[in-house]
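To keep things clear, I will list the structure first and then write my remarks on it.
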Ligand SMILES: Nc1nc2c(ncn2[C@@H]2O[C@H](COP(=O)(O)OP(=O)(O)O)[C@@H](O)[C@H]2O)c(=O)[nH]1
Ligand SMILES: [Mg+2]
């Protein structure tokens, strides 16, 4: 799962997206509904220019429905942009994507005028899953290598729409520490890249602030501690993550919290809300 981005990879991936763009009628940008900005590459806005775009807020099954609703409104205020929350492996939900493509490019998708669609996004957001669901069989490449061919093969969806079979691959902005933490919490970037306990501390701090009730429910902690370190200790104690001498094994407690959060066991949780990036930039004195 760990993704190593080198300048060479990035330049090549970007070039491939640029080369594919001229023939594309609608860009389908897949982002993670739990962290829509952190899981995007801001450069895509420039690369797609005036091309219409569908923001697929994927992994909607894991995200907080109220926050997702706010994100849909946020994105739909942008020109030429539509946003739909969905679960990529859900056939009916994914089926909304080609329908929206038609609405965004009404002159295409008729005989002689194929509507060409490309799925773009950072690693692990669900691009291949979405392509597989739309194609109806396993044909998209699985894995995170950038497209190998500069002229991607097209999948004929048999409704006037052609879908590039290799997703456009871009990278997240992990120079921003908060973005990097959110991506790590979501499972999008490899554990090797960050300290597990640090990532869990970030998650614990956020959960205490925004989803305290979920912590109480899941871990049966009536009086929640006021800080992330103490919370992880308490979760470890309650779940028997103990090392020799009966002290809490914080690493194991951290892993448990992250695993359960990612699996949706604390309920549907979003890690980012509209406007949060502005607040964070202000807090950082930028
Ligand atoms: N819960 C959930 N998991 C998803 C969804 N879509 C994809 N995934 C999972 O996310 C991981 C990455 O998916 P993949 O399609 O390979 O992402 P890609 O790197 O963008 O092509 C896989 O483990 C998928 O099963 C979704 O809608 N909900
Ligand atoms: Mg893939």
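In the numbering used here, the protein residues as written are 901 to 1186. Idealized CB from N, CA, C, for every residue including glycine. Keep in mind that this is a model prediction, so the values were computed, not measured.
Item, Value
"Taking the straight line between their C-alpha atoms, what separation do you get for residue 1153 and residue 1105?", "14 Å"
"Any idea if residue 1126 is buried or exposed, counting beta-carbon neighbours within 10 angstroms, 16 or more meaning buried?", "exposed"
"Please find out if some non-hydrogen atom of ligand 1 comes closer than 7 Å to the beta-carbon of residue 972.", "no"
"Starting from residue 976, follow the beta strand (DSSP E) in both directions and report where the run begins and ends.", "Looking at the DSSP string, residue 976 is not in any beta strand (DSSP E); the run it does join, the alpha helix (DSSP H), is 965-976."
"Quick check: the Cα distance between residue 930 and residue 972, rounded to an integer number of angstroms?", "13 Å"
"Could you check if residue 880 belongs to the surroundings of ligand 2, using beta carbon to heavy atom distance under 7 Å?", "Past the boundaries of the shown model lies residue 880; the chain is included only from 901 to 1186, so the question cannot be answered."
"Does the distance from the C-beta atom of residue 1083 to that of residue 1072 stay below 8 Å?", "yes"
"Tell me whether the beta-carbon of residue 1157 lies closer than 8 Å to the beta-carbon of residue 1121.", "no"
"For the candidate residues 1165, 922 and 1123, whose alpha-carbon lies nearest to that of residue 947?", "922"
"Which partner residues does residue 1018 have in the DSSP bridge list?", "927"
"Under three-state DSSP, which class holds residue 1004?", "helix"
"Given 8 Å as the limit, is there contact between the segment 949-957 and the segment 1073-1080, that is, 3 or more CB pairs closer than that?", "no"
"Given this structure, state the Cα-to-Cα distance separating residue 992 from residue 1133, to the nearest angstrom.", "43 Å"
"Who does residue 1054 pair with in a DSSP beta bridge?", "1064"
"Looking at residue 959 and ligand 2, is the gap between the Cβ and the nearest heavy atom below 7 Å?", "no"
"Tell me, please, which residues DSSP counts as bridged to residue 982.", "954"
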